[in-house]
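Asker: Residue numbering for the sequence shown follows the working numbering, starting at 520 and increasing by one per position. Quick reminder that beta carbons are idealized off the backbone N, C-alpha and C, glycines included. Supplied in structure tokens, the structure appears directly below.
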Amino acid sequence: MYKIENLLKIRKISLACLFLSVPLCFIGCFFPFALFTIIGISLLPVFIVLSLLFWKCPYCNYRLPMKFDKDSDIDSVYQCPYCNKKFN
Numbered sequence: 520m521y522k523i524e525n526l527l528k529i530r531k532i533s534l535a536c537l538f539l540s541v542p543l544c545f546i547g548c549f550f551p552f553a554l555f556t557i558i559g560i561s562l563l564p565v566f567i568v569l570s571l572l573f574w575k576c577p578y579c580n581y582r583l584p585m586k587f588d589k590d591s592d593i594d595s596v597y598q599c600p601y602c603n604k605k606f607n
């Protein structure tokens with residue numbers, strides 16, 4: 520159970536990095552210094568690395584899809600497409 524909680528916590532952190540990277544890059548276009556742009560660009564690889572390293576099924580250990588489904592991915596039960604086991 521501890522592994523599943525950590526998995527979902529890491530997934531939320533990686534999605535936060537993804538969702539923050541785009542607005543920060545957009546905001547960075549309007550300022551003369553590049554701090555927001557650099558932070559926004561650096562958050563995207565963080566999302567990719569966290570997803571590739573940790574977003575795996577805790578039961579069958581296959582890599583889960585990196586796609587994001589707003590209806591079933593956050594704060595609900597996720598079902599592995601390979602072994603069909605649910606975890607939340």
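Do you know how far the Cα of N603 is from the Cα of S540?
Answerer: Roughly 32 Å between the two C-alpha positions.
Asker: Return the CA-CA distance between M558 and P564, expressed in angstroms with no decimal places.
Answerer: Checking the displayed sequence, the identity of residue 558 turns out to be Ile instead of Met. Their backbone Cα atoms lie some 11 Å apart in a straight line.
Asker: Which residues in the same chain have their Cβ closer than 8 Å to the Cβ of P577, if we skip the five residues on either side of it in sequence?
Answerer: Counting only Cβ-Cβ distances below 8 Å, and skipping sequence neighbours, we find K522, I523, L526, F606.
Asker: When the Cα of N580 is compared with those of C544, K528, P600, which residue comes out closest?
Answerer: Here the closest residue by C-alpha is P600.
Asker: To the nearest angstrom, report how far apart F552 and M585 are at their CA atoms.
Answerer: So the two alpha carbons sit approximately 32 Å from each other.
Asker: Reducing DSSP to helix, strand and coil, say where F573 ends up.
Answerer: The answer is helix: DSSP assigns F573 an H, G or I state.
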